[in-house]
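Have a look at the structure below, then the notes.
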Amino acid sequence: MSIAPRKPPLQFALRLKRALGGKTGWNGLAAQIAFAAILAWIAYEIVANARTNLETQHIASGFGFLNYNAGFDVNQSLIAYNNSDTYWRVFFVGLLNTILVSVIGIVFATVIGFIVALCRLSPNWLLSRIGGIYVEIVRNLPLLFQILFWYLAVLAALPAPRQSISVFSTFFLNNRGLVVPQPVTEPGLYPFMAALAVGIVAALGLRHYARRALFQHGRMIRIWPYVLGCLVGLPLVSMLIFGWPLKFELPQLKGFNFAGGARIIPEFVALTVALSTYTGAFIAEIVRAGVMSIHKGQMEAGSSLGLSRAATLRLIVVPQAMRVIVPPLTSQYLNLTKNSSLAVAIGYPDLVSVFAGTAVSQTGQAIEIIAMTMGVYLLLSLTTSALMSVYGWRINRSMAA
Amino acid sequence: MTDISASSFVRQELVAERAAPAKTTGLIGFLRTRLFNSPGNILLTILGLLLAWYIVIPAVKFLLVDAVWVGKDRTACLAEKAGHEVGACWPYIQAKLTQLIYGFYPEAQRWRVNLSYALGAALLLPLLIPRLPAKGLNSGLFFLAFPVVAFFLLHGGGIAGLGVSWTAGLLQLFEQSIGGAGDLLVSLSKSSAIAPLFWVLGKLLVLAGLLIHWLIFPLTWLRDQLQVSSQPVWGDFLVTAVIVTAVLFVLGGGVRTGRSALIGSLLTFAGIAAGIKLMGLDRGGFPIVDTRLWGGLLVTLVIAITGIVASMPIGIALALGRRSSIPLIRIFSIAFIEFWRGVPLITVLFFATYMLPLFVPGNFAVDGLLRALIGVAIFTGAYMAEVIRGGLAAVARGQAEAASALGLSWWKTTSLIVLPQALRYVIPGIVNSFISLFKDTSLVSIVALFDLLGSLRASFSDPNWSTPTTAFTGFAFAGMIYFVFCFGMSRYSLFVENRLNAHRRH
Chain A
6 MSIAPRKPPL QFALRLKRAL GGKTGWNGLA AQIAFAAILA WIAYEIVANA RTNLETQHIA
66 SGFGFLNYNA GFDVNQSLIA YNNSDTYWRV FFVGLLNTIL VSVIGIVFAT VIGFIVALCR
126 LSPNWLLSRI GGIYVEIVRN LPLLFQILFW YLAVLAALPA PRQSISVFST FFLNNRGLVV
186 PQPVTEPGLY PFMAALAVGI VAALGLRHYA RRALFQHGRM IRIWPYVLGC LVGLPLVSML
246 IFGWPLKFEL PQLKGFNFAG GARIIPEFVA LTVALSTYTG AFIAEIVRAG VMSIHKGQME
306 AGSSLGLSRA ATLRLIVVPQ AMRVIVPPLT SQYLNLTKNS SLAVAIGYPD LVSVFAGTAV
366 SQTGQAIEII AMTMGVYLLL SLTTSALMSV YGWRINRSMA A
Chain B
2 MTDISASSFV RQELVAERAA PAKTTGLIGF LRTRLFNSPG NILLTILGLL LAWYIVIPAV
62 KFLLVDAVWV GKDRTACLAE KAGHEVGACW PYIQAKLTQL IYGFYPEAQR WRVNLSYALG
122 AALLLPLLIP RLPAKGLNSG LFFLAFPVVA FFLLHGGGIA GLGVSWTAGL LQLFEQSIGG
182 AGDLLVSLSK SSAIAPLFWV LGKLLVLAGL LIHWLIFPLT WLRDQLQVSS QPVWGDFLVT
242 AVIVTAVLFV LGGGVRTGRS ALIGSLLTFA GIAAGIKLMG LDRGGFPIVD TRLWGGLLVT
302 LVIAITGIVA SMPIGIALAL GRRSSIPLIR IFSIAFIEFW RGVPLITVLF FATYMLPLFV
362 PGNFAVDGLL RALIGVAIFT GAYMAEVIRG GLAAVARGQA EAASALGLSW WKTTSLIVLP
422 QALRYVIPGI VNSFISLFKD TSLVSIVALF DLLGSLRASF SDPNWSTPTT AFTGFAFAGM
482 IYFVFCFGMS RYSLFVENRL NAHRRH
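From first to last, the protein sequence lines stand for chains A and B.
Residue numbers for the first sequence, in the numbering used here: 6 to 406.
Residue numbers for the second sequence, in the numbering used here: 2 to 507.
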C-alpha cells in the first residue's frame, strides 16, 4: 500500500479564490457581492431621489454656477475682491481666510501650549496648579461657547474707538476690532529680503558642514558667531546701504474712528483668541505627556556621561519626547484648522461661512458647494495623515536601526 | 584594666547637637520646598500669586459681591438703580431659566420632559457604578428601550401598527424601488449604446421586483387585514409577539434548551405591551410637541444621548468592518471612517441639513432635529469606530484563536469573546468621545436649532434684559452647566481607567 502524497490543489484556483474573496474564500465573495448590491441600491436611491427633488425645485445641477457673479460683499479678503466677482473667487477668498486664521491660530496655540506645559511641569506648586486649572477649564467648555464668549461678551464690552484701550499708542483695541500699525513697503525691502534669504541659506550650510565635521571626523567646530553674523549682520548691512525695508504707519484717531493703520476685524480677533487658547490647552497636555513619557534614567544616564543639564535635555530628552509629541501635535493642528470652520457662527468670512453659507443660500447649489467644501478639508486631513504615516515609518526605521 | 584604659580613648562629653535639618513636611516645609526654594522660584510664585489675584478677585466680585440677586427687569441690573457697580445679573437667569432648560416646550407638558430626565438618570446611574449587578439588562434598557420611550414621551403621538406593519411597509418600499430601477433601465435602453445589456438588466430587476412582491404578499395581506380590524395595534402586537417568540424558541434549541429564550422574549413583549398601554400609544399617545418648540438643555441632552446611543452600533460595525478579511467591506469601512473623520462637524451638519433632504423621496419632510441627529450620529460613529478598533486590537489574539479552536463561529467568537473584552478596555475612550460629543452639540445652534448655547444667544437679544453685564452673566451660567457635565464625565473616565489598570498599580 503506497502512501502517495495528496495532489496539491491548483495554484490558480487558490489564487483566484484569494483575490476574489480574501481570506474567507468563496463565502467572502458572496458577502462582497451582497454588499456591493446593497451599496448599489442605496446609491441608486440617492441619485434618483436627488434628481427628482432637484427637478421639482427647479435647480440645475452642475458646476456652471461657479462662473456667475456672486453679488455679495465679504468684509475681509486677502486678494482683491468686489461683489461683481465670480463664485470661484469667493471660494478662494474663503479658503485664504481659513488658511490665515489657521496659521495664526497654530502659531499662538503652540506658544500658549508650550508655556502652559512648562508651567504644569514646573516644580513650583502654584504655577503647576494654575496651569492645571487653565487646562481643565478650557478643555471642558465647548469651543463654540468660547468663541461666542470672546465675541459677544468680551469684545462687545470694549469701549468705542474714541476711548480705545491703547498699548504703547501703537495698538488700539476697541469694539470695532484691533487697530495695528500698517506696514508700508520701502525700496529697501527687496535687498533686505534677499540678504535675509542668503543669510538663512548660509546658516543652514554652515550647520550641515559642522555636523559632518563632527560625525565624520570628530571635530567640534564653533559656528554660532558666523551663524549670527549671517542671520543678523547681512540684513543689517543691507539696511545700512538701501535704507529701511518697511515703515509702519501709526494709526491716528480722527473724528470717531482711526485713520491710518490696519484694522483687524473683531471676528478675526475673537476666533483667533478662542482657537489658540482652546487648542493651546490640548497642546499643553500633549507636551506634558511627551516629556513625562521619557524615563528618568535617560536624564541620569546623560549626566553620568558628563553632559550638562542643558545638553542632556537638548540631545537626549527632547529628541525622544518629540517622537511622542509630534503625531498628536499634528492632529491638534489639523483639529484647529477644522475648528476654524466655526467662524460661521460669528460671521468671520472663512470657507464655510462665505461659500457653504452665503453662496448656498444664494444659489441653492447645496450638493456641489458642500461637496467642494468637504473636499477641501478632506484633502487637508488626508495629506496630513499621509505625512504623519511617513513620519511614523521613518521613526520606526531609525528606532530599529 | 589600667593598661586598657590608658591605651584607649573614651570620650567623656557628648558631641554638640547638630541643628535639625530644614523641615520638609507640614505647611512651612511645603512652602520651602515647593514655592520658595530658589530665587527663580520665588519670582515665579509671586508672578503666579499676582495672576491669581487679578483673575480670582474680579471673578468673585462679579459673580457674588457686586451681583444683583432680585429684580423684575433690566432696570434692576443697571448701575444707576443699584447704586453701585453691577456684576452678574441673576434675575435675568431666573427669568430665562425655563427657556434655557426646556426651550418653548408648552408649560402644561413639561412634566414629560422632567419624567424623561428622571428615567434617563435612573437608568444611567446604575450603569455607571461598576459594583452594581445586571449590567446586561441595564444597558439593554438604556440603549434600546429608553430611546424609544423617550421619543414617545417627548415628541408624543401614537403608533398605527407594530412589527408586521413596519416590516411589510419597508419591504414594500424596497420592492417599489427595485421595480422603479428596472423600469428606468428599460426606458434608458432606447437611447444608450449598450442598449441590450441595459434592457436585460432592467427586465431582470423588474422580474426581481415582481418576485419580491409575491414573496412578501402574505405579510402585506396580513397587514391589510390587521389594519381594518377593530384593534390594529394590539392585533399586530399579538401576531408579532407570537412570530418572534416562536422563531426565538426554535432558534434557541426548541423544547430542550429554548426555554430561556422563550421566557426572555415573552418578558420583553410584556414590557413593550406595558409601555404601549401606559403611554396610550394605541389611542394616539400624548399630544404631539413639534421639535421646533424644543430647546435649551433638552435639545443638548437629546442630541448627546441619541448621538452616543446611535454611534455605538455604527462604531462597532465599522470597527469590525475595518478589521474584516473581506476586502470590499474593509475598504468601504476605511473610506467611510476616514471621510467623516476628515471633515469638520459643521460641514457634516450642513450636509445633513441641506443635502440629506434631497436624498430621500420628496414626500418625506425630514424634521430639522432629526437631520442634525443623523449628522451627529454618523460623525460620532466614525470616531467611535476608531476608539473601538483600539479596544479590538488590545484583545490578545489568543482569545479569538482559543474560541475558534473550541469551534465557535466568527459571530459567536466576536460577540461572546472579543467584543465584551474590547468594550471593557475602551470605556474611558467611549466616555471621552462622549465628552467631545457633548461639547460638539453646541454646533447645532448654527443650523437653527436652539440648544443650550443657541437659547442663550437668543435670550441676549431680549430688549427687556439688555444690560452691560447680561452677556457675561449668561455665559457664566451656561459655562457652569457645560463645565459640570464635562468635568464630571472626565473624572469618571479617569476613575474607570484607574480601575481597569488596578492590576498594574505598584
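All C-beta atoms, glycine included, are put in the ideal place defined by N, C-alpha and C.
Using 8 Å for Cβ pairs, my map puts residue i next to residue j. What's the rounded Cβ distance?
i: A/Leu251; j: A/Ser345; result: With a Cβ gap of about 28 Å, A/Leu251 and A/Ser345 do not count as contacting.
i: B/Thr348; j: A/Ile375; result: 6 Å
i: B/Ser443; j: B/Leu454; result: 4 Å
i: B/Ala383; j: B/Phe337; result: 7 Å
i: A/Phe247; j: A/Gly193; result: 4 Å
i: A/Gly266; j: A/Leu258; result: Not confirmed; about 10 Å, so no contact.
i: A/Val116; j: A/Gly136; result: Rounded, the Cβ-Cβ distance is 14 Å, inconsistent with contact.
i: B/His85; j: B/Asp67; result: 7 Å
i: B/Val432; j: B/Leu393; result: Wrong, their Cβ atoms sit about 18 Å apart, outside the cutoff.
i: A/Ile288; j: A/Gln337; result: 6 Å
i: B/Thr464; j: A/Asn54; result: With the sequence shown as reference, residue 464 of chain B is identified as Pro, and Thr is not the correct amino acid for it. The Cβ separation is near 44 Å, so there is no contact.
State the Cα-Cα distance for the pair residue i and residue j, rounded to the nearest angstrom.
i: A/Phe197; j: A/Val206; result: 14 Å
i: B/Ser312; j: B/Val303; result: 14 Å
i: A/Leu160; j: A/Asn180; result: 6 Å
i: B/Val150; j: B/Leu36; result: 56 Å
i: A/Leu25; j: B/Phe333; result: 16 Å
i: B/Arg324; j: A/Gly33; result: 14 Å
i: A/Met393; j: A/Leu320; result: 23 Å
i: B/Ala169; j: B/Ile264; result: 27 Å
i: A/Gly99; j: A/Met379; result: 13 Å
i: A/Trp229; j: A/Asn74; result: 56 Å
i: B/Ile213; j: B/Phe238; result: 24 Å
i: B/Leu223; j: B/Glu339; result: 44 Å
i: B/Ala397; j: A/Gln16; result: 33 Å
i: B/Glu18; j: B/Pro429; result: 55 Å
i: B/Ser437; j: B/Leu124; result: 22 Å
What three-state label does DSSP hand residue i in the structure shown?
i: A/Glu254; result: strand
i: B/Asp452; result: strand
i: A/Asn340; result: helix
i: A/Asn58; result: helix
i: B/Trp70; result: coil
i: A/Pro188; result: strand
i: B/Ser9; result: coil
i: B/Ile389; result: helix
i: A/Asn421; result: Since the first and last residues shown for chain A are 6 and 406, residue 421 of chain A lies out of range.
i: B/Val165; result: helix
i: A/Asn74; result: strand
i: A/Pro164; result: coil
i: A/Met393; result: helix
i: A/Arg227; result: coil
i: A/Val206; result: helix
i: A/Tyr353; result: coil
Pull the bridge partners of residue i from the DSSP assignment, please.
i: A/Leu183; result: A/Leu178, A/Ile269
i: A/Asn401; result: According to DSSP, A/Asn401 bridges with nothing at all.
i: B/Gly30; result: Beta-bridge pairing links B/Gly30 to no other residue.
i: B/Trp295; result: B/Gly104
i: A/Ile463; result: Limits of chain A in this structure are 6 at one end and 406 at the other, which puts residue 463 of chain A out of reach.
i: A/Phe263; result: A/Leu258
i: A/Thr91; result: A/Asn74
i: B/Cys90; result: B/Val69
Which residues, in chain order, does the region 233–248 of chain A contribute to contact with chain B at a C-beta distance below 7 Å?
-> none
Anything in the region 341–354 of chain B with a Cβ closer than 7 Å to a Cβ of chain A? List those residues in chain order, please.
-> Gly343, Val344, Pro345, Ile347, Thr348, Phe351, Phe352
For the region 364–380 of chain A, enumerate the residues whose C-beta is nearer than 8 Å to any C-beta of chain B, in chain order.
-> For the region 364–380 of chain A, which is checked against every Cβ of chain B, the residues closer than 8 Å are Val365, Ala371, Ile372, Ile375, Thr378, Met379.
Could you please tell me which residues of the region 275–293 of chain A, in chain order, have their CB closer than 7 Å to any CB of chain B?
-> none
Of all the residues that make up the region 476–498 of chain B, which are near chain A by a beta-carbon distance shorter than 8 Å?
-> Phe476, Ala479, Gly480, Tyr483, Phe484, Cys487, Phe488, Ser491
Using Cβ-Cβ distances below 8 Å, what residues of the region 35–63 of chain A are close to chain B?
-> Listed by position, the residues of the region 35–63 of chain A near chain B (Cβ gap below 8 Å) are Ala36, Gln37, Phe40, Ala41, Leu44, Trp46, Tyr49, Glu50, Ile51, Ala53, Asn54, Ala55, Thr57, Asn58, Leu59, Thr61.
Residues of the region 335–350 of chain A with Cβ closer than 8 Å to any Cβ of chain B, in chain order | Lys343, Asn344, Ser346, Leu347, Val349, Ala350
What residues from the region 17–45 of chain B come within 7 Å of chain A, judged by C-beta to C-beta, listed N to C?
-> Arg35, Leu36, Asn42, Leu45
Output, in sequence order along the chain, the residues in the region 319–335 of chain B whose CB is closer than 9 Å to any CB in chain A.
-> Ser325, Ser326, Ile327, Pro328, Leu329, Ile330, Arg331, Phe333
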